[in-house]
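Numbering (the working numbering), first residue to last: 310 to 736. For glycine and all other residues, C-beta sits at the position ideal for the given N, C-alpha and C. Structure first, commentary second.
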Ligand code: CMC
């Protein structure tokens, strides 16, 4: 705690509030004592609220900084890989060589799902949205592991974390295969995490695994750049669900549902839908005008961020990966991508977007990469969820292994005050 104190004066009565300092970032006014004084704080959207203490990820939105356990995202994206980042997020430190090999083996050994999951998938209609299947399938995982769901046992928490990281890509690929009516692919233990995912998505039992290394590298980067992002809507959902003592599979399923919305993880899908709707470069001005019109609900998908009021540092890395993938696949002249590039340029130069600090976000570029790789748009959020799973588990585990209370916000009540029930014939 710092020596600073905040004072709040209400109706002539002054309340002293402690000010807490983190290792970096804004100080936090500790309002926990307010309830005893008869007050709640009011902060819809939690714009001014720190909901927990955490040592996992730090974001400085004004300066476009993102650190995982202190390491800048740019360094991790250049020098590390997704599984190493998973270890870092879960354990707080980078692994040594032996720990890295063991962790990779442990994840690889858990990639298969119980064969009964195949029957679960068969119950979904073929045109079910992949996110709908994913919510169900991930929640259903808890049905298979009754023996290791004691959240107070660190070993149970660890095995659940490994299972989730390992099995979610398998489930993600199953969502796609079910959708297109192809056989589910078993994971291949000789492949890396990203290669395996692309193999399960695009391979068939008739062929040997054949994954393009440039696309596997880009896929690994997509997972890595989505791995964690502090207390966003889905992570906060996971923490809230976890605070009731729910099992980790159920908590991660709740995170997946929160991610689905177009203002959060659904944005990468919405970007491609929007580009298709724009249709050609000539129509861009009309859509930009719609985005700026206060009376039109249309927004440019893939632009703006609640926290970053500067270029999203993940977007910078993703943009480079995007150019590599487009060059590798010879897609530099794709018409949809031409719209994306022109839109990016116009928005970066337009006063409306400059004033409001609305930059292209990570979803803008990840959507373009995934489209180029051949991933259908309705799978985009599933892939975001695959990468984000480790962040959700790291936050869940951090909370469960520390001291926490069930999350229970209060409200500013604006409904009726007490009134008497009227029998139906008198209404
Ligand atoms: N297009 C046009 N105008 C926008 C946009 C946009 N994409 N985003 C914000 N604005 C305007 C908004 O109308 C408001 O204008 P004014 O001050 O004149 O009323 C101003 O910018 C501030 O917007 P806000 O809604 O108060 O900002 P927010 O922090 O509540 O919203 C956001 C952040 C990400 C929900 C929003 O920018 C948005 O809807 N973006 C499009 C969806 C998107 O790309 N989401 C992915 C976010 S990154 C992935 C993730 O972390 O989940």
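From what residue to what residue does the beta strand (DSSP E) around residue 368 run? If you number the chain shown from 1, residue 368 lands on position 59. Looking at the DSSP string, the run of the beta strand (DSSP E) that includes residue 368 is 366 to 369.
CB residue 700 to CB residue 537, shorter than 7 angstroms? Taking the chain shown and counting its residues from 1, the one referred to as residue 700 is at position 391. Taking the chain shown and counting its residues from 1, the one referred to as residue 537 is at position 228. Cβ atoms of residue 700 and residue 537: closer than 7 angstroms.
How many Å lie between residue 518 and residue 545 at the Cα? On the chain shown, residue 518 is found 209 positions in, with the first residue counted as 1. On the chain shown, residue 545 is found 236 positions in, with the first residue counted as 1. Taking the straight line from one Cα to the other gives about 38 angstroms.
Assuming the contact rule is C-beta atoms closer than 8 angstroms, residue 670 and residue 596 should be a hit. Round their C-beta distance to whole Å, please. Here residue 670 corresponds to residue number 361 of the chain shown, with the count starting at 1. Here residue 596 corresponds to residue number 287 of the chain shown, with the count starting at 1. Contact doesn't hold; Cβ gap of about 17 angstroms is too wide.
Give me the residue from 709, 393, 731, 725 with the minimum Cα distance to residue 553. Residue numbering aside, residue 553 sits at position 244 when the chain shown is read from its first letter. The residue with the shortest Cα to Cα distance from residue 553 is 709.
Where the alpha helix (DSSP H) containing residue 535 begins and where it ends: Reading the chain shown from its first residue, position 226 is the one you call residue 535. Segment: none, residue 535 is in no alpha helix (DSSP H) and carries neither H nor E.
Chain-order list of residues whose beta-carbon lies under 6 angstroms from that of residue 444 (same chain, five-residue window excluded): Stepping through the chain shown from its first residue, residue 444 is reached at position 135. Closer than 6 angstroms at the Cβ level, and outside the excluded window around residue 444, lie 562, 565, 566.
Three-state secondary structure (DSSP) at residue 380? For this step, residue 380 is matched to residue 71 along the chain shown. The answer is strand: DSSP assigns residue 380 an E or B state.
Residue range of the beta strand (DSSP E) that residue 316 falls in? Walking along the chain shown from the start, residue 316 turns up at place 7. Residue 316 -> beta strand (DSSP E) spans 314 to 319.
Using only the heavy atoms of the ligand CMC, determine whether one of them is closer than 6 angstroms to the beta carbon of residue 615. For this step, residue 615 is matched to residue 306 along the chain shown. Answer for residue 615: yes, Cβ within range of the ligand CMC.
Contact under 7 angstroms by Cβ, residue 674 with residue 627: Translated into positions along the chain shown, residue 674 becomes position 365. Translated into positions along the chain shown, residue 627 becomes position 318. Yes, Cβ-Cβ distance for residue 674 and residue 627 is below 7 angstroms.
Pair within 7 angstroms by beta-carbon distance, residue 534 and residue 623: Sequence index remark: in the chain shown, residue 534 carries index 225 (1-based). Sequence index remark: in the chain shown, residue 623 carries index 314 (1-based). Contact flag set, yes.
List the whole-angstrom C-beta distance separating residue 541 from residue 573, where the pair is believed to meet the contact cut-off of C-beta under 8 angstroms. Position 232 of the chain shown, counting from 1, holds the residue named residue 541. Position 264 of the chain shown, counting from 1, holds the residue named residue 573. The C-beta distance from residue 541 to residue 573 rounds to 7 angstroms, short enough to meet the 8 angstroms contact threshold.
Which residues in the same chain have their Cβ closer than 6 angstroms to the Cβ of residue 376, if we skip the five residues on either side of it in sequence? In the chain shown, residue 376 corresponds to position 67, counting from 1. Once the five neighbours on either side are set aside, the close Cβ partners of residue 376 are 367.
Determine the DSSP secondary structure at residue 721, reduced to helix, strand or coil. Here the question's residue 721 lines up with position 412 in the chain shown. Coil.
So, residue 313 versus residue 337, is the Cβ gap smaller than 7 angstroms? Position 4 of the chain shown, counted from the start, is the residue given in the question as residue 313. Position 28 of the chain shown, counted from the start, is the residue given in the question as residue 337. Taking 7 angstroms as the cut-off, the beta carbon of residue 313 is found no closer than this to the beta carbon of residue 337.
Just mark residue 560 as buried or exposed, buried being the case when its beta carbon has 16 or more other beta carbons within 10 Å. Along the chain shown, one-based indexing puts residue 560 at 251. Answer is buried; the Cβ neighbour count reaches 16.
What residue range does the beta strand (DSSP E) around residue 594 cover? Numbered from its first residue, the chain shown carries residue 594 at position 285. Element bounds for residue 594: not the beta strand (DSSP E) but the alpha helix (DSSP H), 593 to 601.
For the stretch 504 to 512 against the stretch 464 to 471, are there 3 or more C-beta pairs whose distance is under 8 angstroms? no
Note down the Cα distance separating residue 431 from residue 332, rounded to an integer number of angstroms. Position 122 of the chain shown, counted from the start, is the residue given in the question as residue 431. Position 23 of the chain shown, counted from the start, is the residue given in the question as residue 332. Looking at the two C-alpha atoms, the distance is approximately 50 angstroms.
What span of residues does the alpha helix (DSSP H) with residue 544 cover, start to end? As a working note, residue 544 is residue 235 in the chain shown. Per DSSP, residue 544 belongs to the alpha helix (DSSP H) from 542 to 551.
Residue 556 and residue 457: beta carbons closer than 7 angstroms? For the purposes of this step, residue 556 is identified with residue 247 of the chain shown, where counting begins at 1. For the purposes of this step, residue 457 is identified with residue 148 of the chain shown, where counting begins at 1. No, these two residues do not count as a Cβ contact at 7 angstroms.
Could you tell me which uninterrupted beta strand (DSSP E) segments, each at least 3 residues in length, are contained entirely in the stretch 407 to 478, listed from first to last along the chain? none
Would you call the stretch 686 to 694 in contact with the stretch 628 to 646, where contact means no fewer than 3 C-beta pairs closer than 8 angstroms? no
Could you tell me the alpha carbon to alpha carbon distance between residue 493 and residue 487, rounded to whole angstroms? Taking the first residue of the chain shown as 1, we reach residue 493 at position 184. Taking the first residue of the chain shown as 1, we reach residue 487 at position 178. Spanning the two alpha carbons is a distance of roughly 7 angstroms.
Does the ligand CMC have a heavy atom nearer than 6 angstroms to the CB of residue 573? For the purposes of this step, residue 573 is taken as residue 264 along the chain shown, with counting starting at 1. At a threshold of 6 angstroms, residue 573 counts as near the ligand CMC, since its beta carbon sits closer than that to one of the ligand's heavy atoms.
Compute the distance between the beta-carbons of residue 498 and residue 417, then report whether it is under 7 angstroms. The residue labelled residue 498 in the question sits at position 189 within the chain shown. The residue labelled residue 417 in the question sits at position 108 within the chain shown. Yes, they are a contact pair.
Within 10 angstroms of the Cβ of residue 729, are there 16 or more other Cβ atoms? Answer buried if so, exposed if not. Stepping through the chain shown from its first residue, residue 729 is reached at position 420. By the 16-neighbour rule on beta-carbons within 10 angstroms, residue 729 is exposed.
Take residue 362 as the anchor and find which of 539, 733, 543, 468 has the nearest alpha-carbon. Along the chain shown, one-based indexing puts residue 362 at 53. Of 539, 733, 543, 468, the residue nearest in Cα terms is 539.
Applying the criterion that 16 or more other CB atoms from any shown protein chain within 10 Å of the CB defines a buried residue, is residue 743 buried or exposed? One cannot answer for residue 743 here, as it falls past the ends of the chain, which runs 310 to 736.
Identify which residue in 654, 570, 668 has its Cα closest to the Cα of residue 617. On the chain shown, position 308 is the one that residue 617 refers to. Closest option to residue 617, Cα to Cα, is 668.
Leaving out five residues on either side along the sequence, give the residues of the same chain with a beta carbon under 6 angstroms from the beta carbon of residue 694. The residue you call residue 694 lines up with position 385 of the chain shown. Contacts found: 565, 568.
Supposed close pair residue 631, residue 678 - CB separation, criterion 8 angstroms: Residue numbering aside, residue 631 sits at position 322 when the chain shown is read from its first letter. Residue numbering aside, residue 678 sits at position 369 when the chain shown is read from its first letter. With a Cβ gap of about 5 angstroms, residue 631 and residue 678 count as contacting.
Sequence-distant residues of the same chain with beta carbon closer than 7 angstroms to residue 580, five excluded per side: Reading the chain shown from its first residue, position 271 is the one you call residue 580. Excluding residues within five positions, the ones whose Cβ falls inside 7 angstroms are 610, 611, 672, 673, 676.
Under the assumption that residue 703 contacts residue 365 (Cβ atoms under 8 angstroms), give the Cβ distance between them as a whole number of angstroms. Numbered from 1 along the chain shown, position 394 holds the residue referred to as residue 703. Numbered from 1 along the chain shown, position 56 holds the residue referred to as residue 365. Their Cβ separation, rounded to whole angstroms, is 5 angstroms, which keeps residue 703 and residue 365 in contact under 8 angstroms.
What do you get for residue 435, buried or exposed, if any count of 16 or more other CB atoms within 10 angstroms of its CB means buried? Start at 1 with the first residue of the chain shown, and residue 435 comes out as number 126. Counting Cβ neighbours within 10 Å, residue 435 comes out exposed, since fewer than 16 surround it.
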